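Novice: Per UniProt numbering, the very first residue in the sequence shown carries number 1; after that it's consecutive. Where a beta carbon is used, it is the ideal one built from N, C-alpha and C, also for glycine. As the structure is a prediction and not an experimental result, all values here were calculated from the model. Attaching a single structure in structure tokens format; questions to follow.
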Amino acid sequence: MSDERIVAVRSVGFCSGLPEVVLAALARISARVQQRAGATIQLEGDPAAQMYIVAQGCVKILRVGTNGREQILNIIGPGSHFNTVPMFDGGPCPANAEAMTDVLLLALPRAPLLALLGEHPALAHALLAELSSRLRHMVNLVDELALHSVQGRLAG
Numbered sequence: 001m002s003d004e005r006i007v008a009v010r011s012v013g014f015c016s017g018l019p020e021v022v023l024a025a026l027a028r029i030s031a032r033v034q035q036r037a038g039a040t041i042q043l044e045g046d047p048a049a050q051m052y053i054v055a056q057g058c059v060k061i062l063r064v065g066t067n068g069r070e071q072i073l074n075i076i077g078p079g080s081h082f083n084t085v086p087m088f089d090g091g092p093c094p095a096n097a098e099a100m101t102d103v104l105l106l107a108l109p110r111a112p113l114l115a116l117l118g119e120h121p122a123l124a125h126a127l128l129a130e131l132s133s134r135l136r137h138m139v140n141l142v143d144e145l146a147l148h149s150v151q152g153r154l155a156g
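The structure is reproduced here in structure tokens:
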């Protein structure tokens with residue numbers, strides 16, 4: 001296992017404060033994935049076998065409408081993770097992911113990740129807290145978009 005993987009795992013928000021043994025275990029189950037700028041990392045609807053940590057570079061998370069129009073959901077960089085929810089619900093990839101620059105990712109496969117969550121409750125709690133924060137942000141965003149006028153959103 002390389003120090004590069006431990007450094008990448010340590011940089012992820014939900015990993016801050018976790019014991020070194022947990023960080024090392026996450027790094028141990030990870031696999032390095034390198035992609036060139038413009039490469040498709042995953043497609044919405046594909047089976048989700050792993051979540052990803054961005055170690056280097058930028059990734060665009062997007063959905064494409066039936067009319068071909070792209071909606072960018074997020075642009076993420078080092079220390080971010082994506083394709084996390086399917087690790088828990090077993091569903092498909094919820095969005096496309098595309099490398100905006102050359103990227104280095106760590107792929108965390110579902111079964112070993114779930115095993116680690118069972119072995120290390122602190123990891124499970126940390127990830128649950130981060131996912132809860134994302135959910136709260138999304139609820140607030142839906143509220144703002146659905147319940148406030150464009151003028152009100154711009155003024156606020």
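Using a Cβ-Cβ cutoff of less than 7 Å, which residues in the same chain neighbour residue 93 once the five nearest sequence positions on both sides are dropped?
Specialist: If we look at residue 93 and ignore the five residues flanking it on each side, its Cβ neighbours are 42, 43, 44, 45, 46, 48, 83, 86.
Novice: Look up residue 74 in the DSSP assignment and give the residues it is bridged to.
Specialist: The partner list for residue 74 (beta bridge, DSSP) reads 61.
Novice: Buried or exposed: where does residue 71 fall if 16 or more other Cβ atoms within 10 Å of its Cβ makes it buried?
Specialist: Residue 71 should be labelled exposed.
Novice: So which of 57, 25, 50 has the shortest CA-CA distance to residue 35?
Specialist: The residue with the shortest Cα to Cα distance from residue 35 is 57.
Novice: In whole angstroms, give me the CA-to-CA distance for residue 141 and residue 135.
Specialist: For residue 141 and residue 135, the distance between alpha carbons rounds to 10 Å.
Novice: Just to confirm, are residue 5 and residue 25 a CB contact at a threshold of 8 Å?
Specialist: Taking 8 Å as the Cβ cut-off, residue 5 and residue 25 do not qualify as a contacting pair.
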